[in-house]
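For the sequence shown, our numbering assigns the number 9 to the initial residue and increments by one for each residue that follows.
Using N, Cα and C, we set each Cβ at its ideal position, and we do this for glycine too.
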Amino acid sequence: MSKSSKVVPGSIVEGFVVCPFDNVHRLLPSRLAVHLVRCARNFPSAKMVRCPFNVTHVHSVADMMTHVACCPNRSTMVHYMNPETLPPVEPRPADFCVQSAEDWDAEPPAKTYNPRTHCENNFLILNPQGNAPAVRREIRERERRRFLQNNQF
Ligand SMILES: [Zn+2]
Ligand SMILES: [Zn+2]
Numbered sequence: 009m010s011k012s013s014k015v016v017p018g019s020i021v022e023g024f025v026v027c028p029f030d031n032v033h034r035l036l037p038s039r040l041a042v043h044l045v046r047c048a049r050n051f052p053s054a055k056m057v058r059c060p061f062n063v064t065h066v067h068s069v070a071d072m073m074t075h076v077a078c079c080p081n082r083s084t085m086v087h088y089m090n091p092e093t094l095p096p097v098e099p100r101p102a103d104f105c106v107q108s109a110e111d112w113d114a115e116p117p118a119k120t121y122n123p124r125t126h127c128e129n130n131f132l133i134l135n136p137q138g139n140a141p142a143v144r145r146e147i148r149e150r151e152r153r154r155f156l157q158n159n160q161f
């Protein structure tokens, strides 16, 4: 009996996961899922089954019976199946509802504000930015005439 055969498949040894198909294979936990797909092809006769709670848990049929009873991922599935009957993993936020007669979807009583119309009706200077100098001069001139016509200045 070699030293490596004593290692429990699926256990973590010095940061590496022991491959359930061949306990000589040691893998980074992040590489296990990919490795299991490839390694399973090399062991077609191995009567291994995958855990219903986590596909990286691969055991013989006999070991799986005991594994599913104490799988660390079991609680996630049980909570998923019974979301209402079991206490939540995290406390649920309390229902927050403020009674109000206001309807925020309704149109506001005020009219829409159009800055251009407001300026034109109230003799405010339209700032002619973003135009060519010639156009700016023309706008300024037009504004001046508009103000003079109305004897505001
Ligand atoms: Zn392997
Ligand atoms: Zn499992």
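Buried/exposed call for residue i, threshold 16 Cβ in 10 Å
i, result
"H126", "exposed"
"P52", "exposed"
"P91", "exposed"
"L40", "buried"
"C105", "exposed"
"C78", "exposed"
"V26", "buried"
Contacting residues, own chain, Cβ-Cβ under 8 Å from residue i (five flanking each side not counted)
i, result
"R82", "F61 and V76"
"V63", "A41 and L44"
heavy atom of ligand 4 below 7 Å from residue i C-beta
i, result
"G18", "For ligand 4, the structure offers nothing, since it holds only ligand 1 and ligand 2."
Rounded distance between the beta-carbons of residue j and residue i, thought under 8 Å
i, j, result
"R166", "P136", "The requested residue 166 does not occur in the structure, where the chain is confined to residues 9 to 161."
"V42", "R34", "About 15 Å; that fails the 8 Å criterion."
"F29", "C47", "5 Å"
"K55", "V32", "So it is not a contact: roughly 20 Å between Cβ atoms."
"E110", "I133", "With 8 Å as the limit, E110 and I133 do not qualify as a contact, their Cβ atoms being about 38 Å apart."
Chain-order list of residues whose beta-carbon lies under 6 Å from that of residue i (same chain, five-residue window excluded)
i, result
"M226", "Residue 226 lies beyond the range of the chain shown here (9 to 161); nothing can be said about it."
Nearest neighbour of residue i, chosen from the options [CA to CA]
i, options, result
"N59", "T74, R46 and R49", "Here residue 59 is Cys; the residue named in the question, Asn, does not match the sequence. Looking at the Cα atoms, T74 is the closest of the given residues."
"V45", "S19, T120 and V66", "V66"
7 Å CB neighbourhood of residue i in its chain, flanking five on each side removed
i, result
"P80", "none"
"F161", "Reliability fails at F161, whose pLDDT of 49 lies under 50, so the model's placement of it is uncertain and the value that follows must be treated cautiously. Cβ neighbours of F161 beyond the five flanking positions: F155."
| query | Mind listing, in chain order, the residues whose beta carbon lies closer than 5 Å to a non-hydrogen atom of ligand 2? | reply | C59, F61, N62, H65 and C79
| message | Taking 5 Å as the limit, name every residue whose beta carbon sits nearer than that to some heavy atom of ligand 1, in sequence order. | response | C27, F29, D30, H33 and C47
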